[in-house]
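S.K.: Under the working numbering, think of the first position of the sequence shown as 1194, with each following residue one higher.
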Amino acid sequence: MNPTTTPAQLPPTLPSLATAYRALVVGATGAIGAALVAQLQADPRCAAVCALSRHSNPAIDFAAPDSIAAAAQALRPLGPWHLIVVATGMLTGPTGGPEKRLAELNATHMAASFATNTIGPALVLAHFAPLLAKGERSLLAVLSAKVGSIGDNRLGGWYSYRASKAALNMLLKTASIEVARTHPQAVLAALHPGTVDSALSAPFRGAEIGRPPTEAARDLLAVLDTLQPADSGGFWAYDGQRLPW
1194 MNPTTTPAQL
1204 PPTLPSLATA
1214 YRALVVGATG
1224 AIGAALVAQL
1234 QADPRCAAVC
1244 ALSRHSNPAI
1254 DFAAPDSIAA
1264 AAQALRPLGP
1274 WHLIVVATGM
1284 LTGPTGGPEK
1294 RLAELNATHM
1304 AASFATNTIG
1314 PALVLAHFAP
1324 LLAKGERSLL
1334 AVLSAKVGSI
1344 GDNRLGGWYS
1354 YRASKAALNM
1364 LLKTASIEVA
1374 RTHPQAVLAA
1384 LHPGTVDSAL
1394 SAPFRGAEIG
1404 RPPTEAARDL
1414 LAVLDTLQPA
1424 DSGGFWAYDG
1434 QRLPW
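#1: With which residues is H1385 paired in a DSSP beta bridge?
#2: Once DSSP output is grouped into helix, strand and coil, what is the label at I1370?
#3: Need the endpoints of the beta strand (DSSP E) that L1336 sits in, please.
#4: Taking three-plus beta-carbon pairs below 8 Å as touching, is the region 1374 to 1387 in contact with the region 1298 to 1308?
#5: Threshold first: 4 residues or longer. Then list the alpha helix (DSSP H) segments lying entirely within the region 1238 to 1290, N to C.
#6: Less than 7 Å between C-beta atoms, sequence neighbours within five positions excluded: which residues of the same chain meet that for D1418?
#7: If you reduce the DSSP assignment to three classes, tell me which class L1420 lands in.
#8: What would DSSP say about T1212, mapped onto helix, strand or coil?
#9: For a test of the three-state rule: what should DSSP assign to A1379, helix, strand or coil?
#10: Hey, could you find the ends of the alpha helix (DSSP H) A1227 is sitting in?
#11: Could you give the first and the last residue of the continuous alpha helix (DSSP H) run that contains V1317?
#12: Among F1428, V1335, P1377 and S1306, which one has its Cα closest to the Cα of S1342?
#13: Within 10 Å of its beta-carbon, does T1199 have 16 or more other beta-carbons around it, so buried, or fewer, so exposed?
#14: For A1359, collect the residues of the same chain with a Cβ closer than 7 Å to its Cβ; drop the 5 residues on either side in sequence, then sort them by chain order.
#15: In this structure, what does DSSP give as the bridge partners for L1325?
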């Protein structure tokens, strides 16, 4: 019989971060967000994991933008934070799903896509980036998508989702330039998790072709662990491949 692995014997999740690092996950009730929280909680070097969602305390609700600023203010005294991950996203919802043709575009669904995929994460960047640790390594990541790559778009369709993720990539890149002035050791990254078995991918055979959320979370954290300040502002896939804008 193999001996049971205790938490102290588990390999570190993010060895590049300081011992007793503090982590924060926005969107912690989603498939990938929950898997990230679980993996970070199992890391013996992680001193604290804050899981934020519409139902947490403090709560973050992208439909109530003021909640983002309020949550950041509440969590500031508990920092500094060495890892912040925005694990949110919307592909299908009450307003519709991915558009296959221009004729299917409607303002309501486009606005909903940008509210969840672009504006909410952008406000997290604005209010939470200042909470990153200064004078030591820190990481801030947003979940993007390969279909948000303009250079890689060969199939068309999915107008609102593609555009909202492409806009998120631009915001992340722009923020990385500003954050580098105050946090020179920080790394900001847009991450493509691949197809994951989740509610987001379920209408598109996600359960059949997607990877388990635990695997996606492990891969994303492994990629983050390798990135250096010179990489800040980049767009990366779960396998470490740098993606074109």
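Each residue gets a CB set at the ideal place from its N, CA and C atoms; glycine is no exception.
M.R.: The relevant details are as follows:
#1: Here residue 1385 refers to the residue found at position 192 when the sequence shown is read from its first residue. In the DSSP output, where bridge partners are listed per residue, H1385 has A1430.
#2: Position 177 of the sequence shown, counting from 1, holds the residue named residue 1370. In the structure shown, I1370 sits in a helix (DSSP, three-state: H, G or I).
#3: Stepping through the sequence shown from its first residue, residue 1336 is reached at position 143. Where L1336 is concerned, the enclosing beta strand (DSSP E) stretches over S1331 to L1336.
#4: no
#5: 1259 to 1268
#6: Residue 1418 sits at position 225 when you count from the first residue of the sequence shown. Same-chain partners within the cutoff: L1207, P1208 and S1209.
#7: Your numbering for residue 1420 matches position 227 in the sequence shown. Correct three-state label for L1420: coil.
#8: Within the sequence shown, numbered from 1, the residue matching residue 1212 stands at position 19. Coil at T1212, not helix or strand.
#9: Locating residue 1379 in the sequence shown gives position 186, counting from the first residue. Three-state result, A1379: strand.
#10: Counting from 1 along the sequence shown, the entry for residue 1227 is found at position 34. A1227 -> alpha helix (DSSP H) spans A1224 to Q1234.
#11: The residue labelled residue 1317 in the question sits at position 124 within the sequence shown. Looking at the DSSP string, the run of the alpha helix (DSSP H) that includes V1317 is G1313 to F1321.
#12: Residue numbering aside, residue 1342 sits at position 149 when the sequence shown is read from its first letter. Nearest C-alpha to S1342: F1428.
#13: One-based indexing of the sequence shown puts residue 1199 at position 6. Any reading at T1199 must be qualified, since the residue scores a pLDDT of 39, below 50, and its modelled position is unreliable; no value is offered.
#14: Numbered from its first residue, the sequence shown carries residue 1359 at position 166. These residues qualify, in order along the chain: G1341 and I1343.
#15: Translated into the one-based positions of the sequence shown, residue 1325 becomes position 132. In DSSP, L1325 forms a bridge with W1274.
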